[in-house]
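Beneath this line is the structure, given in structure tokens, with notes to follow.
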Amino acid sequence: MLLEVGDSRVLGDAAPRLRFVEEKSAVQGVDEARIEARRVGRRVLAVDDKPAFELSYWCGTCQFLFERLEGATATFSPDDADGLASGISGIDHAVISRFGTLLPEGGYRPLLLEVTPRLVFPSAPGDYFAEDQVATWGPESFWGLPVYPRTPYYRTFETRVDDGAHFYEFVVPMVPPSWNEPDRVAAYTAALGSGVTPTAVAVSILDVCNPAEEHGVDVYAHWALTHFLLDGHHKTQAAAEAGRPIQLLSLLAVDPGLSTPEQVARVPALRAAEEQTRLRPRS
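Its first residue numbered 238, the sequence shown is counted upward by one per residue in my numbering.
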């Protein structure tokens with residue numbers, strides 16, 4: 238459920254803890270112009286200048302990806318985030334400002350969502366990469382296996398974009414749920430049972446991946462909205478275990494995703510649409 242949409246704004250810090258960056262590949266033995274043309278490396282979300290997640294390859298026709306790397310070891314709850322435990326009544330500009338200091342300078346669109354997260358494990362039932370993605374791209378050509386994100390993650394929503402595209406939403410924890418403190422998860426589970434709806438906070442990007450060739454049985458563009466949790470790891474696990482909703486304050490970055498500003502601008506309307514599961518053609 239879409240609860241509220243905020244105005245686009247400039248957020249970020251000149252020295253942020255998180256960055257969306259494109260690593261450069263070293264190329265030798267060619268002239269400088271050719272080096273510049275070929276120096277395209279992987280896209281990553283970096284934390285404290287260490288790669289934390291590899292992201293979808295820049296080409297736009299490749300498979301969607303978030304893959305946990307060695308730098309994903311920290312969460313980002315500020316000391317004064319206790320007010321989020323009981324939920325916020327609307328888009329809170331003070332909360333946005335606090336979390337905005339973690340992020341790179343740029344344009345962001347705040348969205349306040351209500352989500353009921355469902356925890357998914359790689360290659361287990363419900364895994365997007367083993368099911369939805371393989372149906373379009375097939376398994377990875379080298380490994381002959383589905384993409385492996387190296388982390389459990391949460392699925393929260395999907396809907397139709399149009400006849401040739403489908404929208405998927407993911408909540409990705411910066412550390413796996415097994416790292417969470419059981420007592421804190423239990424406390425949030427109890428609070429959810431008493432009617433409290435706490436708020437998690439995430440930085441989000443939209444990747445639009447459109448396969449260039451027909452490798453699978455169901456070929457269409459995948460619009461993937463990925464929320465990387467900044468605060469709310471225990472809340473989200475508790476909500477998934479209890480089957481109850483929580484709020485998610487998303488700071489949707491306009492530029493870092495594999496999408497145009499016009500596509501990013503469609504996210505609120507898509508997120509307000511009725512949920513629809515993709516109906517695949519029979520193979």
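Every residue gets a Cβ at the ideal spot worked out from N, C-alpha and C, and that includes glycine.
For residue i, tell me which candidate among the options has the shortest Cα-Cα distance.
i      : options                           : result
Leu248 : Pro435, Phe465, Asp364 and Asp492 : Asp492
Lys472 : Leu340, Thr436 and Gly337         : Thr436
Thr312 : Tyr457, Ala461, Phe336 and Arg355 : Phe336
Leu240 : Gly327, Trp374 and Trp460         : Gly327
Tyr425 : Cys296, Gly324, Leu282 and Gln500 : Gly324
Phe290 : Cys299, Cys296, Thr298 and Thr310 : Thr310
Asn447 : Asp286, Leu467 and Tyr294         : Tyr294
Asp244 : Asp250, Thr393, Arg346 and Lys261 : Arg346
Pro359 : Ala449, Arg305, Ala506 and Arg256 : Arg305
Asp400 : Trp460, Ala428, Pro362 and Gln370 : Trp460
Val438 : His452, Leu485 and Ala490         : Leu485
Cys296 : Gly308, Glu351, Gly278 and Phe303 : Gly278
Glu307 : Leu350, Gly320, Met238 and Asp286 : Asp286
Ala322 : Gly494, Ala252 and His470         : His470
Arg280 : Gly343, Glu511, Gly494 and Pro498 : Gly494
Val242 : Leu350, Glu511, Ala361 and Ala427 : Leu350
Give the straight-line distance between the Cα atoms of residue i and residue j, rounded to the nearest whole angstrom.
i      : j      : result
Phe301 : Ser487 : 20 Å
Gly480 : Thr434 : 12 Å
Glu478 : Val357 : 12 Å
Val284 : Ile442 : 16 Å
Ala506 : Arg392 : 19 Å
Tyr405 : Leu462 : 6 Å
His403 : Thr298 : 15 Å
Met411 : Thr388 : 9 Å
Lys261 : Pro288 : 13 Å
Pro341 : Phe303 : 19 Å
Leu429 : Pro376 : 39 Å
Gly343 : Pro498 : 13 Å
Need the endpoints of the beta strand (DSSP E) that residue i sits in, please.
i      : result
Ser334 : First-last for Ser334: His330 to Gly337, but that is the alpha helix (DSSP H), not the beta strand (DSSP E).
Pro419 : Looking at the DSSP string, Pro419 is not in any beta strand (DSSP E); the run it does join, the alpha helix (DSSP H), is Pro419 to Gly430.
Arg397 : Tyr390 to Asp399
Glu259 : Leu255 to Glu259
Pro384 : Checking the sequence shown, residue 384 turns out to be Val, not Pro. Careful: Val384 lies outside any beta strand (DSSP E) and carries neither H nor E.
Val357 : Arg355 to Val357
Val242 : Leu239 to Val242
Gln484 : Ile483 to Ala490
In this structure, what does DSSP give as the bridge partners for residue i?
i      : result
His471 : According to DSSP, which records beta bridges pairwise, His471 is partnered with nothing at all.
Glu291 : Val281 and Glu304
Asp222 : Look at the range of the chain in this structure, 238 to 520, and you will see that residue 222 is not part of it.
Glu450 : Bridge partners of Glu450: none, in fact.
Tyr405 : Glu395 and Ala461
Ala439 : Leu466 and Ser487
Pro347 : Leu488
Kindly give me the distance between the Cβ atoms of residue i and residue j, rounded to whole angstroms, as I take these residues to be in contact under 8 Å.
i      : j      : result
Thr385 : Val408 : One point to set straight first is that residue 385 is Tyr, not Thr, in the sequence displayed. Actually they are not in contact, since the Cβ atoms of Tyr385 and Val408 sit about 18 Å apart, beyond 8 Å.
Gln500 : Thr396 : No, Gln500 and Thr396 are not in contact; Cβ-Cβ is about 15 Å, not under 8 Å.
Val440 : Ala475 : About 21 Å; that fails the 8 Å criterion.
Val372 : Pro383 : First, the amino acid is wrong: residue 372 is Ala here, not Val. Not confirmed; about 10 Å, so no contact.
Pro482 : Thr338 : About 28 Å; that fails the 8 Å criterion.
Asp369 : Arg515 : 7 Å
Leu282 : Phe465 : 6 Å
What is the residue span of the alpha helix (DSSP H) that residue i lies within?
i      : result
Val501 : Pro498 to Ala502
Gln370 : Asp369 to Trp374
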